[in-house]
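>
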Amino acid sequence: MVVKNCLLLCPVFVSAVSHSQITRLYSRFTSLDKGENGTLSREDFQRIPELAINPLGDRIINAFFPEGEDQVNFRGFMRTLAHFRPIEDNEKNKNPPTSEPLNSRTNKLLFAFRLYDLDRDDKISRDELLQVLEKVDVEQKMSIRFLH
Ligand SMILES: [Ca+2]
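Going letter by letter, the sequence shown gives residues -16 to -1, 1 to 132 in mature numbering (1 follows the signal peptide of the UniProt record, and there is no 0).
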């Protein structure tokens, strides 16, 4: 039912994603939804091992939540994931899009920019950049340590 509703509400995403992919994403969404309330919290995302060890994990998680929101529904979940689709997926859509696809180069760049712009003032401050660089440095140190 939710998947069917999403097909009606998510034309941007549905145009380039198969029904089976949406069903798979919905299955993943419900498996993450530990509160079983049809939404995901930040804690639900923090249980994903790949995000837990990613130095930018918290920022990626933040990208799923509009400002002031602490829950994301399946539609919002899919909308954020759409940024990660390969750009060539746009070419599979034979109909001209009504708006710029979320996985366009411009929107991917804007999405990445927002990962750095923590206070959402549309600028990346020196401190915001340093915070990322320090985290990446930690990751590099860890990988070097594992090599020895
Ligand atoms: Ca900023």
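Note that the Cβ used here is the ideal one computed from N, Cα and C, for glycine as well.
Counting along the chain, where does the alpha helix (DSSP H) carrying P33 start and finish?
33 to 36
> Who are the Cβ neighbours of L113 in its own chain at under 7 Å, not counting the five residues just before and after it?
Y100
> Can you find the residues in the same chain that come closer than 8 Å, C-beta to C-beta, to T23, ignoring five residues on each side of it along the sequence?
Contacts found: D17, Q55, V56, N57.
> Would I45 and F29 be called neighbours here (beta carbons separated by less than 9 Å)?
yes
> With a threshold of 16 other CB atoms inside 10 Å of the CB of C(-11), please say whether the residue is buried or exposed.
In this predicted model, C(-11) has a pLDDT of only 49, less than 50, meaning its place in the structure is not dependable enough to derive any value.
> For the putative contact between F95 and I108, defined by C-beta atoms under 8 Å, what is the C-beta separation to the nearest angstrom?
Rounded, the Cβ-Cβ distance is 14 Å, inconsistent with contact.
> Take D103 as the anchor and find which of T90, P50, P39 has the nearest alpha-carbon.
With respect to the C-alpha of D103, the residue from T90, P50, P39 having the closest C-alpha is P50.
> Would the C-beta of L99 count as close to ligand 1, meaning under 8 Å from any of its heavy atoms?
Result no, Cβ not under 8 Å from ligand 1.
> Less than 8 Å separating the Cβ of L54 from some heavy atom of ligand 1?
First, the amino acid is wrong: residue 54 is Asp here, not Leu. No, the Cβ of D54 stays beyond 8 Å of every heavy atom of ligand 1.
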